Amino acid sequence: MLGKFALKRRTLALGGIMAATLCLSQVLMPMQARAAEPIKIGFSMALTGPLAGGGKQALVSMEMWEEDINKKGGLLGRPVKLIYYDDQTNPKNVPGIYAKLLDVDKVDFVVSGYGTNLIAPAMPIVIQRELLFMGLFGLNNNKKWKYDKYFQILPAGPDPAVDFSRAWFDTVMSLSPKPKTIAFLAADAEFAKNLKEGAVTHAKRLGLKITYNKNYKPGTPDYTPIIRAINATNPDVIYIASYPNGSAGLTRAVSEVGTKARAFGGGMVGLQFSGIMKGLGPKLNGILNYDFYVPEPNMSLYPGVTDLLARYKIVAPSRKVDPLGYYLAPWSYAYLQVLGDAVNAVGKIDHAAIAKYMHATEFSTVVGKVKFGQNGEWEKGRTLTVQWQNIKKEKDLEQFTKPGIRKIMEPKEFATGTVKPFNSLR
Amino acid sequence: MFSSELLLNAIVIGIFLGGFYAALSIGLSITFGLLDIVNIAHPAFIILGAFICFIFNSHYGLDPILIGIIFAPAFFLLGLLIYRIYYERFEKIGAEPLRGLAFFFGLMFIIEVILIMSFGVDYQMVHANYIDYKATFGVIDIPFRMFVPFAIAMVMAIGLHLFSSRTFFGRAMQAVAQDSLALRLMGINPVKIKMIAFGISLATCSIAGALLVIIMPIEPSVGRLYIGQVFAIVVLGGLGSQSGTLIAAMLLGLLESLVTTFFGPSWSPAIAFSALILVLAFKPTGILGRVGDTRG
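Going line by line, the protein sequences match chains F and Z.
To convert, note that position 162 of the first sequence is 204 in the working numbering; the numbers rise steadily by one, no gaps.
To convert, note that position 189 of the second sequence is 310 in the working numbering; the numbers rise steadily by one, no gaps.
Put into structure tokens, the structure is as follows:
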């Protein structure tokens with residue numbers, strides 16, 4: 043009898059231990075599974091199409107950030123995984139991509155693709171779902187929405203469309219004699235038109251008479267008729283907001299046709315891409331354009347960029363991307379850096395709390411200090427105006443890695459040169 | 122602001138642009154115009170030709186046009202192969218035209234992806250001494266970047282026209298579009314004729330690609346910009362008429378240049394395609410299309 047009781051007690055004890063183990067496992071295993079489950083960050087990116095030259099270099103540096111953050115333990119103790127799809131530089135593809143990221147891939151965060159035109163179609167989705175949204179090089183995407191969870195990596199300033207070109211106008215107004223007339227040309231696309239509108243604001247502020255103000259269709263094969271039409275109005279300066287194909291075409295056209303304008307450039311996207319720089323060579327001389335990072339000695343604005351670009355250059359050839367990465371690589375790294383720092387600081391996936399933190403914080407990134415202001419734009423602008431000078435060789439990319447080629451005109455505290463009339467450098 | 126200098130230069134550039142458009146479209150006037158094959162991959166083959174020029178120009182310094190001519194026979198052979206596949210899989214079994222269109226869509230994407238994987242997505246340019254050269258006659262500038270492609274395009278267009286009208290194979294190509302049964306009854310294999318015609322069409326892509334990369338920088342997807350335009354030119358010119366394609370291309374080039382110069386560049390696509398609609402409204406077969414041909 044005692045033996046049977048002893049057996050029953052042992053059985054009961056064993057059963058109790060097993061039950062306790064089972065209960066504990068139900069509690070512990072999800073925590074471990076969650077700990078192992080990556081934090082997913084989803085986005086569309088221009089991996090083909092006209093902006094792919096920028097999009098692919100952005101992706102390389104974003105993957106470098108993913109690698110770096112995972113080496114440090116990830117976000118909230120969990121590894122980070124980037125999930126992305128090619129938007130083909132086509133805004134129509136963006137809503138579908140973000141719907142898939144959120145509903146199928148179930149990402150924890152979304153960030154934008156590259157550029158105003160690809161950010162705009164994603165805004166309604168992220169606003170509807172009340173998600174934090176980091177933008178990469180978007181111009182005025184939040185002006186209409188005033189969405190409080192949107193933050194933007196483009197050092198244009200609090201009113202991007204206007205502040206983007208401020209430094210350019212400050213530079214041209216330092217020419218002697220001061221310019222009195224200006225011509226505007228923009229690609230028929232959201233970014234370029236927004237930029238041109240902002241630039242027109244400056245022209246009016248400075249009392250410049252507008253002699254030409256038109257848009258052109260992207261994909262135009264030849265730009266010489268446009269340059270001639272502009273020249274016929276005799277502008278003192280010419281402001282252009284263009285995309286890579288147009289920037290290259292307009293640069294070639296002005297080389298062929300010539301112009302009497304004393305400044306040419308402004309918002310020409312694509313002149314910063316290695317393939318176009320190498321292809322155009324000395325034709326770039328004299329162009330006064332915006333930029334964000336140039337290999338000039340005064341670039342203490344960006345303390346982490348030198349190391350980042352050195353790592354990027356090792357990876358770039360095998361990935362068939364822009365070999366230098368000057369234009370986008372630092373910024374796409376920085377916008378994930380900001381997101382990652384904010385998530386870790388808040389300590390949980392709470393989009394509202396993270397957005398509140400981001401509004402209140404100055405971040406230290408590879409591109410220096412970043413502080414967001416109204417509408418998620420930068421509190422203070424830091425767009426450079428540079429003038430191409432001293433380009434002597436054809437088909438030589440190496441010369442563009444040296445100082446003295448893209449001299450900084452503005453901001454004054456980083457200036458490495460003074461502006462010269464366009465034709466004096468050609 | 123009107124001036125005679127602006128007008129003359131706009132006309133000159135318009136003519137050069139028209140010649141370039143003719144080079145892009147003339148091959149399609151054979152496949153779409155004569156063979157009824159909706160080769161939507163035509164611009165993609167042009168981009169392929171452009172990248173081949175880029176590779177040999179950047180590595181060996183060869184002239185782009187020379188490269189385009191050297192590779193034309195290879196493109197011709199590729200065209201023979203592609204038509205053979207298309208014929209066996211679609212035409213022979215009487216498949217719906219939509220399936221054939223899907224085939225060429227697939228080809229277009231395959232070419233694009235191969236180019237992206239091989240060359241990346243960055244813009245590429247070629248170099249030749251004449252590209253930066255400009256001749257001036259009074260107030261008229263002749264940029265050789267536009268003039269040389271125009272000249273080559275004219276040689277190609279005239280050559281094709283003479284081939285079509287004066288040679289046996291050329292006349293057989295015209296005949297196969299009119300009545301392939303009658304051709305067969307005359308002891309000529311229409312499939313063989315179509316194969317050669319398709320090969321010739323693709324051979325023009327090699328040369329057109331060389332002209333494209335002289336005029337503008339290229340990246341793998343740039344061909345998509347021209348899909349609508351090349352089909353519009355072929356329809357406007359009249360299906361199957363190389364001369365019509367040439368005239369249509371010139372018309373479009375001129376209109377684009379004049380409207381860009383005097384009214385603004387954003388108007389030029391609207392004006393150019395309005396011209397297309399207007400011509401088709403009065404002459405549905407196109408400028409030199411055959412009466413009774415309602416395929417347009």
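In this text, a Cβ means the ideal position worked out from N, Cα and C, and glycines have one as well.
Computed from a prediction, not measured in an experiment: that's the story for all the values here.
Query	Result
Per DSSP, residue 256/F forms a beta bridge with which residues?	227/F
How many Å lie between residue 457/F and residue 342/F at the Cα?	12 Å
Taking Cβ-Cβ distances shorter than 7 Å, what residues in chain Z pair up with residue 399/F?	Within 7 Å Cβ-Cβ: nothing; residue 399/F doesn't reach chain Z, min ~36 Å.
At which residues does the beta strand (DSSP E) containing residue 480/F begin and terminate?	Residue 480/F lies beyond the range of chain F shown here (43 to 468); nothing can be said about it.
Closer than 9 Å, Cβ to Cβ, to anything on chain F: give me those residues from the stretch 230-242 of chain Z, in chain order.	233, 234, 237, 238, 239, 240, 241, 242
Given that residue 258/F touches chain Z, what residues does it touch there, using C-beta distances under 7 Å?	386, 387
Tell me, please, which residues DSSP counts as bridged to residue 279/F.	224/F, 305/F
Quick check on residue 464/F - is its C-beta less than 8 Å from some C-beta in chain Z?	no
Count the CB pairs spanning the stretch 185-193 of chain F and the stretch 346-365 of chain Z that are closer than 8 Å, and state whether there are at least three.	no
Under the three-state reduction of DSSP, which class applies to residue 270/F: helix, strand or coil?	helix
Does the Cβ of residue 102/F have 16 or more other Cβ atoms within 10 Å, making it buried, or fewer, making it exposed?	buried
Can you name the residues of chain F whose CB is closer than 7 Å to the CB of residue 248/Z?	436, 437
I believe residue 214/F touches residue 279/F by the beta-carbon criterion, under 8 Å. Please report the beta-carbon distance rounded to the nearest angstrom.	5 Å
Who are residue 24/F's beta bridge partners in DSSP?	Coverage of chain F is limited to positions 43 through 468, which leaves residue 24/F absent and any answer about it impossible.
Whole angstroms is fine: what's the gap from residue 377/F's alpha carbon to residue 144/F's?	20 Å
By the criterion of Cβ-Cβ separation under 7 Å, what are the contact partners of residue 266/F in chain Z?	134, 264
What does DSSP give as the partner residues of residue 151/F in its beta bridges?	83/F
Report the option in 329/Z, 357/Z, 366/Z whose CA atom is closest to the CA atom of residue 401/Z.	357/Z
Does the distance from the C-beta atom of residue 435/F to that of residue 441/F stay below 8 Å?	yes
Relative to the C-alpha of residue 324/F, which candidate in 133/F, 298/F, 303/F has its C-alpha closest?	298/F
For the ligand ZN, is there any heavy atom lying closer than 7 Å to the beta carbon of residue 330/F?	Ligands in the displayed structure: none, and consequently the ligand ZN is not present.
Residue 324/Z by DSSP, collapsed to three states: which one?	helix
Relative to the alpha-carbon of residue 468/F, which residue among 309/F, 328/F, 181/F has its alpha-carbon at the smallest distance?	328/F
Name the chain Z residues that come within less than 7 Å of residue 363/F, Cβ to Cβ?	241
Nearest-angstrom Cα distance between residue 115/F and residue 414/F?	27 Å
Note down the Cα distance separating residue 314/F from residue 81/F, rounded to an integer number of angstroms.	33 Å
Kindly list the residues whose CB is nearer than 6 Å to the CB of residue 397/Z, restricted to its own chain and excluding five residues on each side of it in sequence; keep chain order.	353, 357
Quick one: list the residues of chain Z neighbouring residue 432/F, beta-carbon separation under 8 Å, in chain order.	None at all; the shortest Cβ gap to chain Z is about 19 Å.
Within a Cβ cutoff of 6 Å, which residues of the same chain sit near residue 123/Z, ignoring the five residues on either side of it in sequence?	none
Any contact of the stretch 387-395 of chain Z with the stretch 160-176 of chain Z, i.e. 3+ C-beta pairs under 8 Å?	no
Take residue 92/F as the anchor and find which of 231/F, 226/F, 350/F, 392/F has the nearest alpha-carbon.	231/F
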